[in-house]
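Chains as they are written, first to last, in my numbering: chain A, 149 to 528; chain B, 11 to 303. Ideal Cβ placement from N, Cα and C applies to all residues, glycine included.
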C-alpha cells in the first residue's frame with residue numbers, strides 16, 4: 149500500500165488541477181480539421197483561422213471573462229480517424245463544442261457521436277445532407293452548393309440564356325453540383341444540351357469543349373475546383389469559344405485567375421463568397437469591415453491571403469462565442485445559443501438560425517462576379 | 011460529325027500523346043538498361059515543372075536559363091536516387107526494385123509537397139498564347155513546342171543509341187547484361203546513365219507541358235501512369251514504337267472523350283493497357299522476341 153501512496157496522491161493532484169482549471173474558467177473548443185491529406189486545402193486555413201481567433205479573443209480578455217482553449221486534431225480527411233478523434237475530444241479533452249470536420253464524409257461519420265454525447269457540432273463542410281434533415285446538435289457554416297447553383301441560374305435567367313452545357317469534375321464536389329444543377333434546371337425551365345465530365349487530374353479538356361462548341365449552347369457551366377477549371381478556361385480561349393462561361397464558387401479566389409491567366413479568364417462569371425471580392429463590394433455592405441479585418445489579420449499572421457475555407461471556421465467561432473455571450477458556456481447552453489442566432493454578420497454571410505434551419509444562409513451569401521482585367525468585379 | 015471537330019480531337023490528342031510518349035520513353039530506357047520499371051518516372055516530370063517555377067520566381071532567371079537549370083537539378087535528383095536507392099541493393103529482384111521505386115516516388119512527392127506546398131502553380135507559355143488556326147481546329151504555340159521538342163528528343167535519342175559508344179554499350183546491356191559485362195562494359199555505369207537520361211527527359215516533359223496543364227506536387231502520378239501505358243503499348247522499346255504508343259493513346263483518349271463520352275476517358279486508356287497486356291504483351295509492334303532498344 150505504501151507504494152501506492154505517491155501514485156494515489158498524484159492522481160488526486162491531477163484531479164484537483166483539472167477541476168481548478170475548470171473553475172478558473174476555460175472554455176474548451178474542439179477542432180477537427182483535415183490539415184493534411186487530400187482535403188488539406190480546406191483543413192489548413194480552418195485550423196489557422198481558429199488558432200488566430202482564439203489567441204485574439206484571449207488577448208482581449210476572453211469571452212464573458214472566460215479564457216478560450218482550442219484543442220485541434222488533424223483528421224487527415226479520414227472519416228474513421230475523425231470519429232476516433234471526436235470521441236477523444238469529448239471523453240478525454242472534455243470540450244464544450246466541436247468545430248469541423250472539414251469534409252462532408254467525415255461530418256456524416258461524426259454526427260452520430262456528437263448527437264449521442266450531446267455536444268454541439270459545427271461542421272465546416274458544404275454537403276446539404278449535414279443539416280437536412282435538421283439534427284438538434286449539428287450546425288454547418290458553408291452555404292449549400294445548390295445556393296451557388298441557384299445564383300448562377302437566376303443570373304442566366306436575367307440574361308435570357310435558356311440552354312446550357314454542363315461540364316463537371318468526377319469527384320464529390322462535381323457530382324453533387326451536377327445532380328443539384330440538373331434538378332434546379334428542370335424546376336426553372338432550362339435545357340441542358342450537353343452533360344460532360346472530366347477527371348480531377350485531367351490536363352486537356354478540348355475534346356469535351358469541341359463537342360460543346362458544336363452544340364452551340366447559350367452558356368457553359370463548369371463545376372469543379374482548381375486546377376481543372378483553369379485548364380478549361382484556357383481551352384475555351386484556345387478553341388475560340390465565345391459562349392458565356394460560368395464557374396462554381398469552388399474557384400472563387402485569385403489563384404484561379406492566376407492559373408488560367410488574366411487574358412483567358414476575362415469575362416468568366418461565377419458566384420463568389422464575399423471574402424474573395426470584398427474590395428469590389430459596395431462600401432455600405434454589412435460584411436465589408438469584418439471581411440477586410442479578417443483578410444488583413446490573416447495576411448499579417450500567416451503571410452498568405454485568407455481563403456473562403458478558413459472563413460468557415462471563422463463563422464463557426466463567431467457562432468460559438470455569440471452563443472456563449474448570450475446563453476452560457478455549457479454544451480446545452482451553446483446549442484441553444486447557436487440556434488437563436490439572428491442576423492449574425494460573419495464571413496460566409498449573415499446567419500439567422502432557426503430550429504428548422506441549422507445553416508442559416510440564403511442567396512445573399514453569394515455575389516455574381518466577373519473577371520475583368522485580372523480582378524473580380526461585380527457582374528451586372 | 012463535322013470534319014473540323016474530328017481534326018480538333020486529333021490535334022489535341024496528338025499534343026497530349028507527345029507528352030505521354032516522352033514520359034514513356036523515360037520508362038523504357040531505364041527498363042532496358044536495368045530491368046526495372048521505374049515508377050518514380052512521373053516525379054521527374056513534376057520536378058521539371060516545379061523547379062522551373064522556382065528558377066523563374068526565386069532566382070529570377072529568364073526562361074531560356076531556367077529550363078536547363080531545372081533539367082540539371084532533376085538529373086542530379088535522378089543520380090542521387092539511383093545511388094542511394096537502386097545501387098546499394100544486394101539482391102535486386104524485380105519485385106524489390108519496383109517497391110523501391112514506388113517508395114522513392116512517394117518520398118520525392120512528399121518532399122516536393124513540403125518545398126512547394128499543395129497549391130497548383132502556373133508557368134508562362136514559351137511564346138504567347140494566341141491560338142493558331144489549322145483548318146477548322148485551333149492549337150496553341152505551346153503545342154508546337156511540345157511536338158517539336160518531342161521530335162528533337164527522339165532524333166537525339168536515336169543518334170545516341172546507334173552512333174555513340176556509350177549508347178551502343180547501353181543497348182548491349184539491354185540485350186544481355188552478363189555478356190555486356192564480360193566484354194568489358196561497366197554495367198553499373200550504364201544503369202546510372204539510364205537514370206540520368208530518363209530523369210532529364212522526364213524533366214523536359216514536365217517543363218514543356220507545365221504552361222498548358224499547370225503543375226503541382228502530385229502531377230507526376232497520373233502523367234506517370236499514362237506514360238507507362240504508352241511504354242507498354244510500344245512494347246517497352248525506347249524508340250519509335252513507344253512514341254507511336256503515346257500518340258495513339260492521346261488520340262484515342264481525345265476521340266473517345268469527344269465521340270463517346272468524356273466519363274470514359276481514363277477508362278479507355280486503361281482498357282487499352284489491359285488489352286495489350288492480355289493479347290500482345292510484347293507490345294503492339296513487337297515481335298515475340300524483339301530487340302528492345
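> Considering only the beta carbon of each residue, do residue 524/A and residue 378/A sit closer than 8 Å?
Replying inline: The answer is no: Cβ separation not under 8 Å.
> chain B partners of residue 355/A, CB-CB under 9 Å?
Replying inline: Around residue 355/A, the beta-carbon contacts reaching into chain B at under 9 Å are 18, 19, 22, 23, 263, 264, 265, 266, 267, 268, 269, 272 and 275.
> Taking the C-alpha atoms as reference points, what is the distance between residue 244/A and residue 22/B?
Replying inline: Using only the alpha carbons, I get a separation of about 56 Å.
> Can residue 33/B and residue 234/B be called in contact, C-beta distance under 8 Å?
Replying inline: Yes, Cβ-Cβ distance for residue 33/B and residue 234/B is below 8 Å.
>> Against chain A, which members of the segment 32-66 of chain B pass a CB distance test of less than 7 Å?
In response: Here the close residues number zero.
> Using Cβ-Cβ distances below 8 Å, what residues of the segment 149-163 of chain B are close to chain A?
Replying inline: Listed by position along the chain: 149 and 150.
> Whole beta strand (DSSP E) runs in the segment 196-256 of chain A with 3 or more residues, listed along the chain?
Replying inline: The segment 196-256 of chain A contains these whole beta strand (DSSP E) runs: 215-222 and 245-247.
> Excluding five sequence neighbours on each side, which residues of the same chain lie with their C-beta closer than 8 Å to the C-beta of residue 171/A?
Replying inline: Because the pLDDT of residue 171/A is 42, which lies under 50, any placement of that residue in the model is unreliable, and the question is left without a value.
> Helix or strand or just coil, what does DSSP make of residue 346/A?
Replying inline: It is a strand residue.
> When the Cα atoms are used, what is the spatial distance from residue 302/A to residue 338/A?
Replying inline: Residue 302/A and residue 338/A: Cα-Cα distance of roughly 11 Å.
> Between the segment 271-281 of chain B and the segment 46-60 of chain B, do three or more beta carbon pairs fall short of 8 Å?
Replying inline: Because the criterion of three Cβ pairs below 8 Å is not met, the segment 271-281 of chain B and the segment 46-60 of chain B do not touch.
> When the cut-off is 8 Å and only beta carbons count, does residue 375/B lie next to chain A?
Replying inline: Nothing can be reported for residue 375/B, as the shown portion of chain B is limited to 11 through 303.
> Under three-state DSSP, which class holds residue 295/B?
Replying inline: It is coil, neither helix nor strand.
> Assuming residue 418/A and residue 517/A make a contact with CB atoms under 8 Å, what is their CB distance in whole Å?
Replying inline: Indeed, because the Cβ distance is near 6 Å, the residues count as touching under 8 Å.
>> Judging by CA-CA distance, which residue of 450/A, 477/A, 462/A and 374/A is the nearest neighbour of residue 439/A?
In response: That would be 462/A, whose Cα lies nearest to the Cα of residue 439/A.
> With respect to the beta strand (DSSP E) encompassing residue 36/B, which residues constitute its N-terminal and C-terminal limits?
Replying inline: Counted as a single uninterrupted DSSP element, the stretch harbouring residue 36/B is not any beta strand (DSSP E) but the alpha helix (DSSP H) occupying residues 13-44.
> Measuring CB to CB, does residue 146/B end up less than 8 Å from residue 54/B?
Replying inline: No; because the gap between Cβ atoms is not below 8 Å, this pair is not in contact.
>> What does the Cβ neighbour count give for residue 248/A, buried or exposed, with the cut at 16 atoms within 10 Å?
In response: Result: buried.
> What residues from chain B crowd round residue 345/A, counting only those whose CB sits closer than 7 Å?
Replying inline: Within chain B, the residues near residue 345/A are 272 and 273.
> Who are the neighbours of residue 128/B on chain A, taking C-beta pairs under 7 Å?
Replying inline: Within 7 Å of the CB of residue 128/B, the CB atoms of chain A belong to 188 and 189, in sequence order along the chain.
>> Which residue wins for smallest C-alpha separation from residue 437/A, given the options 383/A, 381/A and 494/A?
In response: Looking at the Cα atoms, 494/A is the closest of the given residues.
> Given a limit of 8 Å on CB to CB distance, which residues of the segment 318-337 of chain A reach chain B?
Replying inline: Here the close residues are 318.
> Going by alpha carbons, who is nearest to residue 284/A out of 496/A, 297/A, 267/A and 299/A?
Replying inline: Ranking 496/A, 297/A, 267/A and 299/A by Cα distance to residue 284/A puts 267/A first.
> Do residue 205/A and residue 198/A have their CB atoms nearer than 8 Å?
Replying inline: Note that the C-beta distance between residue 205/A and residue 198/A is not below 8 Å.
> Under 8 Å, do residue 194/A and residue 457/A count as touching if we go by C-beta distance?
Replying inline: Yes.
>> So that I know if they touch, is there some Cβ in chain B lying closer than 8 Å to that of residue 183/A?
In response: Closer than 8 Å: no.
> Using the beta-carbon count (16 or more within 10 Å), is residue 416/A buried or exposed?
Replying inline: Looking at its Cβ environment, which holds 16 or more other Cβ atoms inside 10 Å, residue 416/A is buried.
> Can you name, in chain order, every residue of its own chain whose Cβ lies under 6 Å from the Cβ of residue 83/B, other than the five neighbours on each side?
Replying inline: Closer than 6 Å at the Cβ level, and outside the excluded window around residue 83/B, lie 61.
> What do you reckon, are the CB atoms on residue 264/B and residue 42/B nearer than 8 Å?
Replying inline: Not in contact: residue 264/B and residue 42/B (Cβ atoms no closer than 8 Å).
> Grouping DSSP H, G and I as helix and E and B as strand, with all else coil, what is residue 169/A?
Replying inline: At residue 169/A, the pLDDT of 44 sits below 50, so the modelled position is not reliable and the matter cannot be decided from this model.
> Apart from the five residues on each side of it in sequence, which residues of its chain come closer than 6 Å, Cβ to Cβ, to residue 509/A?
Replying inline: Here the set comprises 291 and 497.
>> Using 8 Å as the cut-off, can you tell me whether the segment 367-375 of chain A makes contact with the segment 236-246 of chain B, which would need three or more C-beta pairs spanning the two stretches below that distance?
In response: Segments in contact, no.
> Does DSSP put residue 159/B in a helix, in a strand, or in coil?
Replying inline: It is helical.
>> Contact criterion: CB-CB distance below 8 Å. Does residue 173/A meet it with respect to chain B?
In response: Residue 173/A does not count as touching chain B.
>> With a threshold of 8 Å, are at least 3 pairs of Cβ atoms found where one atom belongs to the segment 180-195 of chain B and the other to the segment 71-78 of chain B?
In response: Between the segment 180-195 of chain B and the segment 71-78 of chain B, the count of C-beta pairs closer than 8 Å stays below three; the two stretches do not touch.
> Thinking C-alpha only, which one of 86/B, 66/B and 106/B is nearest residue 46/B?
Replying inline: Checking every option, the nearest Cα to that of residue 46/B belongs to 106/B.
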